[in-house]
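Okay, structure first, notes after.
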Amino acid sequence: MSQPLSRRPSLIVFDLDGTLVDSAPDLHGAMVTTLLDDGLTAISLADARRFIGDGTRRFVERAYLAVDHPLADADLDRAAERFLANYRRRVAELTRPFDGVEETLRALRDSGVRLAVCTNKPEAAAEDLLGILGLRSLFEGIAGGDTFPVRKPDPGHLLGLLDHLGAVPADALMIGDNEHDAATARAAGVPVLLVPYGYARLPLEEIDADGVLASFSDLPSRLPKA
5 MSQPLSRRPS LIVFDLDGTL VDSAPDLHGA MVTTLLDDGL TAISLADARR
55 FIGDGTRRFV ERAYLAVDHP LADADLDRAA ERFLANYRRR VAELTRPFDG
105 VEETLRALRD SGVRLAVCTN KPEAAAEDLL GILGLRSLFE GIAGGDTFPV
155 RKPDPGHLLG LLDHLGAVPA DALMIGDNEH DAATARAAGV PVLLVPYGYA
205 RLPLEEIDAD GVLASFSDLP SRLPKA
């Protein structure tokens, strides 16, 4: 933990939920609507935060298990489709960037660093969200959880994005909030820094990363000089 970066990245790849934006309130709201439509009880916002990070289907599966209503595969697929429809109707109703995100991203881009997003959120929902928040133009590429055959923590998700952008692991830095982001970057041979907030299910000091930022705005100061 807290290893200095050996070189300045030309490309920084960001996780989305829990790193760039606090999306838990809208994910929670859409999940509650889906559960109530099935005559079930709601999950808490705290539960929703714990369930985020492994893609739509896993989020929905965890929510139904939390209300003692496990679903068979076909029913889970249908529930996930209904949840995603509910979510895309309110994708940025309560979701906001974390403090310092927009200003820092613009400063990095203006300094010549390329920016991209690697998220387990479906690509269309990620595009919707970043577009509504006015952040989409900052990123050269977005790899969602359905963009490639694999998703985080499989390194192929990150490596596929790098290849799409004509980059290699030595060019890149990953910024995330949880154990999946760190594991993905490690397996891909990409350095990784974690934000001090977000939706990690492990204590940050137990996650194998190259450091934890003091805040998102701390990121530029952690980069070696060009």
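My numbering puts the first residue of the sequence shown at 5, with every later residue one more than the last.
Virtual Cβ for every residue (Gly too), placed ideally from N, Cα, C.
Query                                                                                                  : Result
Element boundaries [beta strand (DSSP E), containing residue 176]                                      : 176-180
Nearest candidate by alpha-carbon position, reference residue 71, set 59, 82, 38 and 78                : 38
Same chain, Cβ closer than 6 angstroms to residue 25, five either side skipped, listed in chain order  : 99 and 101
Counterpart residues of residue 145 in DSSP-defined beta bridges                                       : 120
C-beta contact flag for residue 19 and residue 211 at 8 angstroms                                      : no
Beta-carbon gap between residue 149 and residue 155 smaller than 8 angstroms                           : yes
Test item: CB-CB of residue 49 and residue 83 under 8 angstroms                                        : no
Of the residues 159, 166, 170 and 163, the one placed nearest residue 183, counting alpha carbons only : 159
Three-state secondary structure (DSSP) of residue 64                                                   : helix
The region 45-64 / the region 212-229 touching (three or more Cβ pairs under 8 angstroms)              : no
DSSP bridge partner residues for residue 198 (one or two, in chain order)                              : 180 and 216
Residues that residue 25 bridges to, as DSSP identifies them                                           : 21 and 101
Alpha-carbon spacing of residue 80 relative to residue 105, whole angstroms                            : 34 angstroms
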